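Start counting at 1 in the sequence shown, then tack on 9, and there's your number in the numbering used here. Read through the structure below, which is laid out as structure tokens, and then see the notes.
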Amino acid sequence: MENNKTFTPVEQTFLNDVPRNSQVNVPYIVVDNFPKLGMLSAFRFLEWVSQNPKGVISLPTGKTPEYFIYWTKYILENWEKENVVELREKHQLLFKEKPSLADLHFVQIDEFYPIKSSQGNSFYHYVNKYYIEGFGLKKENALLINCDKIPLAEGKSFEEVFPDSKVNLELRYREAENPMEKLQKESIFLIDNWCSEYEQKIRKLGGIGFFLGGIGPDGHIAFNIKGSDPYSTTRLTSTNFETQAVAAGDLGGIEISRERLVITIGLETIAYNKEAVAIIFAAGEAKAPMIKSALELPPSNLYPASVLANLPNGRFYLTLGAASMLNDYVDDYYQSGSWSQEKTDKAVMSLTQKINKYAEHLTLDDLKEDQYTKLIPGLNEATVQGVINSIESKIKKGTESLSNEVFYHTGPHHDDISLGLLPYIHYQSRNETNTSYYSVLTSGFTAVTNKFLIKILNDTLSFVEKGEVEMLNYPDFFEVGYKNKKDKDVYHYLINIASGDEYERSRAVSHRMVRSIVELWDLKSKSDLSEKIREIIATVNSSYDGQNPESKIQILKGMIREYEEELVWAHFGVRTKNVSHLRLGFYTGAIFTEKPNRERDVLPILQELKEINPTVISLAFDPEGSGPDTHYKVLQAIAEAVREWGKEKDLSKLKIWGYRNVWYQFNAADVTHVFPVSLNAMSTMDESFTNSYLSQVEASFPSYRYNGKFSHLSIQTWVEQLNAVQLILGKPYFYDNGSPRLRATHGLLFFKEMNVEEFLQSARELEKSTEGQF
């Protein structure tokens, strides 16, 4: 790693004390969490702007820049306030004059094609809202990608040329077969020409002086996916599955993003100005493999971000999770601080995977020759057995039967609890002395596509008009009756899962939809209901995919997800009164959800804690803030509610279970509980997911890791976790075990138990980086 003199004064204030001995392609800085990543990026940006007030900048879109935008505006708007002055002094932003952004030139990085510039999910709209208007830039100094204004053949609009929004790039290389294809072929070449002109405009400005971008799950920067030519320029191109999966959230489903092309600046565009400050920022363990490849392997088109190696001022800004696979950080993990059983477990597990050798076959020479296991204090023939014992003890703890517990299971979104803990919850629920409550903290409406909503509404309207929603005939239905018998809607649906009657299942869903619509719009008659359903269908049909719907339609979509959550737990005999839906107000569907606040988001959780008086709280554990933003905002709200509760109650015996699911995983060495998952448990989870999460069966918003349902990805994760542990315990430990439960093991579920202080400490560092919002 290069000397600290490589870094600017601002950057040096964010450097930590980890020794850097490895050779990397690009200098990097590591911070504790996602919000602090935004702070570092903002300070470095303002440092550069102070020295280049008329420079050329190119800034990212999406959710990653949330705290970069927040901190940039916060520092500028509060430049002379005492707390900001202290921050500026701490981070060496010592310029007397407040930096002015007004004369900067802006270059838009990329855009979907085609997409209307007026759509809230277009990057053109994002850039105008958050950078041109938000930062006070001059629009005349901006190079923007406005799909409406890119010339096409015969002066036509893209809706006329590409009526289904599909652009077939094969037409670049083959003859058109009909008049429409001829029009499209000519238009594609015109788009190509526009891209060349865009590139030339950037070069005429001298190239990009300050570039800030994220890194995709395949390692892409801008939309330069894996395999992109390092000498690529601005172009119209297709993407890969990983990129489409990430874009699904912006465009309203992967069925749309799969068909949408993109216009992107190229890797050569980014690296054209050899003096450019080019920064890639990345958060979370999921990004660690591509960060390692880009920084430690020879530059290659397989790792697009490695193009920064050509720039003296190239940088990577990373969270601890994103840096966790770098040699420097692995070295530091083992070589600094006190040694622990966790380190021994992790070192030996890593060795078994590196040399693909079962622990029982490891020799003392194997351990002494490995750079990390040789560091184990008192290394001897019994070391491996100690690791085996450690993992066995976690399985023993995971399979203990608990009694007289009150579980408060929480999830940021619907399906999080099920994907993270369901087999274990099912296991403990068999003891009837235990009581379980389930609380989903946000509405989750963004996971319901317009297509799905319209189908449900059409089905509901049909049942209403055929007179097959009999409760509408009850004399008090529109006054109070719609509030009653929600358990019946759940039972009606599930009993017809058993009987295989799809028609009756659909009718059960329509009953819940009727209750929801009557409640939301305060309807008073059957005719009002039919009219309102038609009105909602028309409104949704007139909106574009991915559009944030009006408030009541948001809530209606969320109520579908709430019904789905009730169906899941009803599989296990849980009544609807034990499943709560808090709909915390920070979750709005905007690009950047609001920060949680005490009155709106903490007190509802605190109220449930007081009413339920749990002995165990489970939660999605993301203390770095690198998963979906809802996860860490919910974590912060729960942490604050627990702090408040602790002021009036002794919480010394309260247990906190941190679980993970499809977004990020634990290492077996990091957890306290390992629970064996059988094929039967996998089937139960998958079937309850498929039967209940109706809006998710088509996997419109998949993980980039798997093109399909989240339930299948959870199962895949459990299997991978078993494979890692089997290298320690050996396969006979499971198939030849005296316990039928362990003989039936085909996957492993991990979670981490903490006491209150341990949990609050993990959340406290994240809170500091979000300006103590409570």
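All C-beta atoms, glycine included, are put in the ideal place defined by N, C-alpha and C. No experiment lies behind these values; they were computed from the predicted model shown.
Assigned exposure category for residue i - 16 Cβ within 10 Å defines buried
i	result
R97	buried
H520	buried
E11	Reliability of the predicted coordinates at E11 is poor, the pLDDT of 42 falling under 50, and the value obtained from them is presented with this limitation in mind. E11 comes out exposed.
G346	exposed
N13	Here the model assigns N13 a pLDDT of 48, short of 50, so the residue's position is not dependable, and the following value carries that caveat. Classification of N13: exposed, given that the 10 Å Cβ count is below 16.
R584	exposed
E488	exposed
V255	buried
T1	The first residue shown for the chain is 10 and the last is 783, placing residue 1 beyond what the model contains.
M189	exposed
I724	buried
V94	exposed
A579	buried
K301	buried
T81	buried
Y244	One detail in the question is off: residue 244 reads as Arg in this sequence, not Tyr. Its Cβ being crowded by 16 or more others within 10 Å, R244 is buried.
G216	buried
D496	exposed
Q394	exposed
D638	buried
N413	exposed
Opposing strand residues paired with residue i [DSSP bridges]
i	result
A650	None, per the DSSP bridge assignment.
F743	Paired residues: none, contrary to the question.
P9	Here the chain comprises residues numbered 10 to 783, so residue 9 is not present and cannot be evaluated.
G261	G261 is not bridged to any residue.
D119	T273
F710	According to DSSP, F710 bridges with nothing at all.
T248	Partner(s): none; T248 has no beta bridge.
G6	Within the shown structure, residues of the chain are numbered from 10 to 783, placing residue 6 beyond reach of any answer.
H590	V449
L152	V116
Three-way DSSP call (helix, strand, coil) for residue i in this model
i	result
N732	helix
P613	helix
Q21	helix
G567	helix
K405	helix
N233	strand
A517	helix
F219	strand
Y100	Going by the sequence as given, residue 100 is His instead of Tyr. Note: H100 maps to coil in three-state DSSP.
N13	Interpretation of N13 is limited by its pLDDT of 48, a score under 50 that renders its predicted location unreliable; no figure is taken from the coordinates.
A291	strand
L110	coil
A162	helix
T185	Note that residue 185 is Ala in the sequence shown, not Thr. In the structure shown, A185 sits in coil (DSSP, three-state: anything other than H, G, I, E or B).
V286	strand
N177	coil
F783	Legend: pLDDT at F783 = 38, less than 50; position of this residue unreliable, value from coordinates given subsequently. Residue state, collapsed to three classes: coil.
S241	coil
V93	helix
E544	helix
V33	coil
P721	Residue 721 is actually His in this sequence, not Pro. Of the three classes helix, strand and coil, the one that applies to H721 here is helix, per DSSP.
Q193	helix
A391	coil
F698	helix
>> Extract the residue ranges of the alpha helix (DSSP H) inside the stretch 407-490, only unbroken runs of 4 or more that lie entirely within it.
In response: Entirely contained in the stretch 407-490, the alpha helix (DSSP H) runs reaching 4 residues are, in chain order, 425-438 and 459-474.
>> Closer than 8 Å is the cut-off here; do at least three beta carbon pairs connect the stretch 368-377 with the stretch 402-411?
In response: These segments do not touch.
>> Quick check on the DSSP output: what are the complete beta strand (DSSP E) runs of length 3 or more inside the stretch 37-67, in order along the chain?
In response: Qualifying beta strand (DSSP E) stretches, in chain order: 37-40 and 65-67.
> Between the stretch 171-190 and the stretch 126-146, do three or more beta carbon pairs fall short of 8 Å?
Replying inline: The stretch 171-190 is not in contact with the stretch 126-146.
> Would you call the stretch 67-77 and the stretch 330-344 in contact, with 3 or more CB pairs under 8 Å?
Replying inline: Fewer than three Cβ pairs drawn from the stretch 67-77 and the stretch 330-344 lie within less than 8 Å of each other, which leaves the two stretches out of contact.
>> Please give me, in chain order, every unbroken run of the alpha helix (DSSP H) with length at least 4 that falls completely inside the stretch 306-387.
In response: 336-344, 350-364 and 373-378, all fully within the stretch 306-387.
> When the Cβ atoms of the stretch 487-507 are set against those of the stretch 458-471, are three or more pairs found closer than 8 Å?
Replying inline: In short, these stretches do not touch, since the Cβ pair count stays below three.
> Within the chosen definition, does the stretch 146-166 reach the stretch 123-130 through at least 3 CB pairs nearer than 8 Å?
Replying inline: At 8 Å Cβ cutoff, the stretches touch.
> Do three or more CB pairs link the stretch 287-299 to the stretch 328-339 at distances below 8 Å?
Replying inline: Yes, the stretch 287-299 is in contact with the stretch 328-339.
> Can at least three beta-carbon pairs, one atom from the stretch 246-254 and one from the stretch 208-217, be found at a separation below 8 Å?
Replying inline: Note that the stretch 246-254 does not touch the stretch 208-217; fewer than 3 beta-carbon pairs, one per stretch, sit closer than 8 Å.
>> Closer than 8 Å is the cut-off here; do at least three beta carbon pairs connect the stretch 450-458 with the stretch 587-599?
In response: Yes, the stretch 450-458 touches the stretch 587-599.
>> Three Cβ pairs or more, each shorter than 8 Å: is that satisfied between the stretch 671-689 and the stretch 725-742?
In response: Enough Cβ pairs lie closer than 8 Å, so yes.
> Quick check: the stretch 755-775 against the stretch 675-693, are there 3 or more CB pairs under 8 Å?
Replying inline: Three or more pairs of CB atoms, one per stretch, sit closer than 8 Å, so the stretch 755-775 contacts the stretch 675-693.
> Do three or more CB pairs link the stretch 103-119 to the stretch 309-318 at distances below 8 Å?
Replying inline: Flag = no, the stretch 103-119 and the stretch 309-318 do not touch.
> Taking one C-beta from the stretch 363-370 and one from the stretch 735-747 each time, how about it: are there three or more such pairs within less than 8 Å?
Replying inline: Yes, the stretch 363-370 is in contact with the stretch 735-747.
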